[in-house]
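Enquirer: Heads up: the sequence shown at position 242 corresponds to 242 in full-length UniProt numbering, and the numbers run straight through without jumps.
Quick one: structure below, then a few questions.
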Amino acid sequence: MVPQQQPSRMPFHRYTAFKPVDLPDRTWPSRTITQAPRWLSTDLRDGNQALIEPMDPARKHEMFQLLVRMGYKEIEVGFPAASQTDYDFVRALIENDQIPEDVQISVLTQARTDLIERTVQSLVGAHRATVHLYNATAPTFREVVFKVDREQCKAIAVEGTRDVVRFAEQYLGGTDFGYEYSPEIFIDTELDFALEVCEAVMDVWQPGPGREIVLNLPATVERTTPNVYADQIEWMSRSLTRREHVAVSVHPHNDRGTGVASAELAVMGGADRVEGCLFGHGERTGNVCLVTLGMNLFSQGVDPEIDFSDIDEIRRTVEHCTQLPVAPRHPYGGDLVYTAFSGSHQDAIKKGFTAQEERAEAAGVPVADSEWDVPYLPIDPKDVGRNYEAVIRVNSQSGKGGVAYIMHRDHNLDLPRRLQIEFSRVIQTYSDSEGGEVAADHIWSTFEREYLSEGGPVAVLAHRSSTDGEGSYRIDADVRVRGEIRELSGTGNGPISAFCDALSDVDVKVRVMDYVEHSMGGDGESSAAAYVEAEIEGEVVWGVGIHSSITTASLKALCSAIGRSARI
Ligand SMILES: CC(=O)SCCNC(=O)CCNC(=O)[C@H](O)C(C)(C)COP(=O)(O)OP(=O)(O)OC[C@H]1O[C@@H](n2cnc3c(N)ncnc32)[C@H](O)[C@@H]1OP(=O)(O)O
Ligand SMILES: CC(C)C(=O)C(=O)O
Numbered sequence: 001m002v003p004q005q006q007p008s009r010m011p012f013h014r015y016t017a018f019k020p021v022d023l024p025d026r027t028w029p030s031r032t033i034t035q036a037p038r039w040l041s042t043d044l045r046d047g048n049q050a051l052i053e054p055m056d057p058a059r060k061h062e063m064f065q066l067l068v069r070m071g072y073k074e075i076e077v078g079f080p081a082a083s084q085t086d087y088d089f090v091r092a093l094i095e096n097d098q099i100p101e102d103v104q105i106s107v108l109t110q111a112r113t114d115l116i117e118r119t120v121q122s123l124v125g126a127h128r129a130t131v132h133l134y135n136a137t138a139p140t141f142r143e144v145v146f147k148v149d150r151e152q153c154k155a156i157a158v159e160g161t162r163d164v165v166r167f168a169e170q171y172l173g174g175t176d177f178g179y180e181y182s183p184e185i186f187i188d189t190e191l192d193f194a195l196e197v198c199e200a201v202m203d204v205w206q207p208g209p210g211r212e213i214v215l216n217l218p219a220t221v222e223r224t225t226p227n228v229y230a231d232q233i234e235w236m237s238r239s240l241t242r243r244e245h246v247a248v249s250v251h252p253h254n255d256r257g258t259g260v261a262s263a264e265l266a267v268m269g270g271a272d273r274v275e276g277c278l279f280g281h282g283e284r285t286g287n288v289c290l291v292t293l294g295m296n297l298f299s300q301g302v303d304p305e306i307d308f309s310d311i312d313e314i315r316r317t318v319e320h321c322t323q324l325p326v327a328p329r330h331p332y333g334g335d336l337v338y339t340a341f342s343g344s345h346q347d348a349i350k351k352g353f354t355a356q357e358e359r360a361e362a363a364g365v366p367v368a369d370s371e372w373d374v375p376y377l378p379i380d381p382k383d384v385g386r387n388y389e390a391v392i393r394v395n396s397q398s399g400k401g402g403v404a405y406i407m408h409r410d411h412n413l414d415l416p417r418r419l420q421i422e423f424s425r426v427i428q429t430y431s432d433s434e435g436g437e438v439a440a441d442h443i444w445s446t447f448e449r450e451y452l453s454e455g456g457p458v459a460v461l462a463h464r465s466s467t468d469g470e471g472s473y474r475i476d477a478d479v480r481v482r483g484e485i486r487e488l489s490g491t492g493n494g495p496i497s498a499f500c501d502a503l504s505d506v507d508v509k510v511r512v513m514d515y516v517e518h519s520m521g522g523d524g525e526s527s528a529a530a531y532v533e534a535e536i537e538g539e540v541v542w543g544v545g546i547h548s549s550i551t552t553a554s555l556k557a558l559c560s561a562i563g564r565s566a567r568i
């Protein structure tokens, strides 16, 4: 008897639901994203500060170069007041002139005068640079961490901003200087207070034409559903004064696994800019993944303004720099994300590829330019530098479609449907007994053994044929029958029926039920494939022949069927 279910033993009473935002006239749900937001990569700061082993200078340079190559124009390069390594890295970028003209680096600092001064000093000589200042504004942080009230909390932000302005004037004369402020833990901060602090910071910075401020509103710890974050962002975006001079920025983390949705809904709610990391590195469960966000736009026909065309090179570099693996199922970049093992998916993909090619041909455009619509593949793997090799892999969950796809892809063989069924049963028997994946070369060697070996009871050694002009076909063939070489002759309405007739002389009874042939394409020496479905000794089997002469291929296919019927 199944035991009765016990009441939950999870202590859920310890947690309270996040308070929603009162915004009945919210507009974000009916918006769509038609343009990429501004991106900021914080791989070298928030990503780096969460690594088991932070990046050494060589890895930092490699990551920076990758980000530049991909097209990121805003890159947070470190926390220079935190360590000599971070400070030296920023100096090296500037002194070695490694920052392209159109790239704005930024550096993070706490709101502490000594740290701000050192942070600003790290930027001396930069063409363009931003200082990013933060202080936590949420109630628990005010009460527990800083032991300040609202006014004192606001004063930290205001004084910090004054320091930034003062030191920038002192040290950064020739720099196109920008400023970013983050009320850290914005997501848990009372909205009216977050607004009050941001307004006070703006009063010091004085944004205006040519003097933007970035107000970054982080979901430092993701604690609610993405719609609530979107409400918060829309509320802030609508409430801020001097909005046209403010870049509203979001910085989602992924604690609930909904960082990407939070960022997307926040952009619909009015955010102009998104901060995140490649493959979602960052504190705890990570920052929002910039690859997923960019590729999500791409898959909707929106230019992500970032180059993802060699996703494996990006993944390898990130793995090398962070010394952490990217999960095989990570959206767009994981090893397995364009692979189907299961039969019905493989069948649909195989049909989808054919339809895609036909559509492209009908439209007169190359497949690589034609509108993509293939089942189970939200994007063309080739658009991110993958090939179709891994799209279909065979294991015990696979059906005929997958096996047939591999035979076509790797060997130009279009197996007729009933042969697909017959051969996939052979592969299924193997995968059921061995478990695991059946490699493409094993599929081929099995096919060769089952259908192409010439060691059966009948083999054609040579043949000559003639027609009488009235549709009758005559064949004379040297045939090895059960180990003996015989000269046989037969007539029929084609080579196969003539050969069947010839075989009846040596007591081999074959009734052909289906016949299919095709050229295997390619070069001048290309072969033809012939497939014969035949009833032999009451058994229906398929045989396959491959040869540069289609007649020889068809005779071989018949011998192949005879061989199979003798074996099974
Ligand atoms: C959400 C985020 O990712 S924020 C970025 C977090 N990243 C990092 O912290 C990485 C780099 N940080 C560091 O290396 C160090 O924290 C340093 C060098 C900046 C400072 O080191 P320390 O002076 O030893 O201070 P410590 O690390 O203990 O920080 C805590 C102190 O800073 C204060 N503090 C924390 N954040 C801020 C802030 N944004 N503004 C002002 N003060 C702050 C705390 O209240 C605490 O002060 P207390 O010692 O008077 O109680
Ligand atoms: C400093 C801020 C932007 C931050 O990293 C966070 O809140 O997660």
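All residues carry an ideal CB built from backbone N, CA and C; glycine is no exception.
(1) Hey, could you find the ends of the beta strand (DSSP E) L217 is sitting in?
(2) Taking its Cβ as the centre, do 16 or more other Cβ atoms sit within 10 Å of K350, making it buried, or is it exposed?
(3) How big is the Cα-Cα spacing for W235 and M55?
(4) I'd like to confirm something about D46: is its beta-carbon nearer than 7 angstroms to some heavy atom of ligand 1, or not?
(5) So if DSSP puts N287 in a beta bridge, which residue, or which two residues, is it bridged to?
(6) What's the gap between the Cα of L297 and the Cα of V291?
(7) Under the criterion of a Cβ to heavy atom distance below 7 angstroms, does T220 qualify as lining ligand 2?
(8) Less than 8 angstroms between the beta carbons of P57 and T119, yes or no?
(9) Given a cut-off of 8 angstroms, decide if I443 and I421 are closer than it, judged by their beta-carbon atoms.
(10) Considering only heavy atoms of ligand 1, does any lie closer than 7 angstroms to the CB of L134?
(11) Does the Cβ-Cβ distance between residue 577 and E305 come in under 8 angstroms?
(12) At a cut of 8 angstroms, does the region 529-543 reach the region 469-476 through at least three beta carbon pairs?
(13) Our contact map puts P218 next to A261 with C-beta atoms below 8 angstroms; I'd like the distance itself, whole angstroms only.
(14) Going by CA-CA distance only, name the one from V103, T175, R242 and A459 that's closest to Q206.
(15) In terms of residue numbering, what span does the beta strand (DSSP E) encompassing P57 cover?
(16) In this structure, does DSSP put R480 in helix, strand or coil?
(17) Using only the alpha-carbon positions, how far apart do E533 and S497 sit?
(18) State yes or no: is the C-beta of S182 nearer than 7 angstroms to some heavy atom of ligand 2?
(19) Give me the DSSP bridge partner(s) of E371.
(20) Using the Cβ count rule (16 or more neighbours within 10 Å means buried), how would you classify T27?
(21) For H245, is the beta carbon positioned less than 7 angstroms from some heavy atom of ligand 2?
(22) Determine the closest residue to Y515 out of S549, L558 and E539, with distance taken between C-alpha atoms.
(23) Is the closest heavy atom of ligand 2 to the C-beta of H281 under 7 angstroms?
(24) Give the C-beta separation of L40 and K60 to the nearest angstrom, bearing in mind that I take them to be a contact with Cβ-Cβ under 8 angstroms.
(25) One question on the structure: do E316 and E450 come within less than 8 angstroms of each other, judged by their Cβ atoms?
(26) Out of D192, A129 and Q121, which one is the CA nearest neighbour of K154?
(27) Can you list, in chain order, the stretches of the alpha helix (DSSP H) that have 4 or more residues and sit fully within the region 374-431?
(28) What do you reckon, are the CB atoms on V124 and G78 nearer than 8 angstroms?
(29) Do A553 and I562 have their C-beta atoms closer together than 8 angstroms?
(30) Taking C-beta to C-beta, are V394 and S342 nearer than 8 angstroms?
(31) Do three or more CB pairs link the region 124-135 to the region 172-188 at distances below 8 angstroms?
(32) Would you please state the rounded distance, in angstroms, between the beta carbons of R511 and E539? I believe it to be under 8 angstroms.
(33) Nearest to G494 by alpha carbon, out of E487, E484, H518 and T467?
(34) From this set, G399, N287 and H281, which residue's C-alpha is nearest Q346's C-alpha?
(35) Could you pull the DSSP bridge partners for Y181 from this structure?
Expert: Inspection of the coordinates gives the following:
(1) I213 to A219
(2) buried
(3) 38 angstroms
(4) Flag set: Cβ of D46 near ligand 1.
(5) H253
(6) 10 angstroms
(7) yes
(8) no
(9) no
(10) Correcting the residue identity first, residue 134 is Tyr in this sequence and not Leu. In this structure, Y134 has its beta carbon less than 7 angstroms from a heavy atom of ligand 1.
(11) The question about residue 577 has no answer, for the chain in this structure spans 1 to 568.
(12) no
(13) Not confirmed; about 16 angstroms, so no contact.
(14) R242
(15) Run containing P57: none in the beta strand (DSSP E); it sits in the alpha helix (DSSP H), P57 to M70.
(16) Here R480 sits in strand by DSSP.
(17) 13 angstroms
(18) yes
(19) The partner list for E371 (beta bridge, DSSP) is empty, contrary to what the question assumes.
(20) exposed
(21) No, since every heavy atom of ligand 2 falls outside the 7 angstroms radius drawn around the Cβ of H245.
(22) L558
(23) No - ligand 2 has no heavy atom lying nearer than 7 angstroms to the Cβ of H281.
(24) Actually they are not in contact, since the Cβ atoms of L40 and K60 sit about 17 angstroms apart, beyond 8 angstroms.
(25) Checking the sequence, you will find Arg at residue 316 rather than Glu. No, Cβ-Cβ distance for R316 and E450 is not below 8 angstroms.
(26) D192
(27) 400-411
(28) no
(29) no
(30) In this structure, V394 sits away from S342, with a CB-CB distance that is not shorter than 8 angstroms.
(31) Note that the region 124-135 touches the region 172-188; at least 3 beta-carbon pairs, one per stretch, sit closer than 8 angstroms.
(32) Between E539 and R511 the Cβ distance is about 11 angstroms, and since that is not below 8 angstroms, they are no contact.
(33) T467
(34) Nearest to Q346 by alpha-carbon distance, out of G399, N287 and H281, is G399.
(35) L133 and L215
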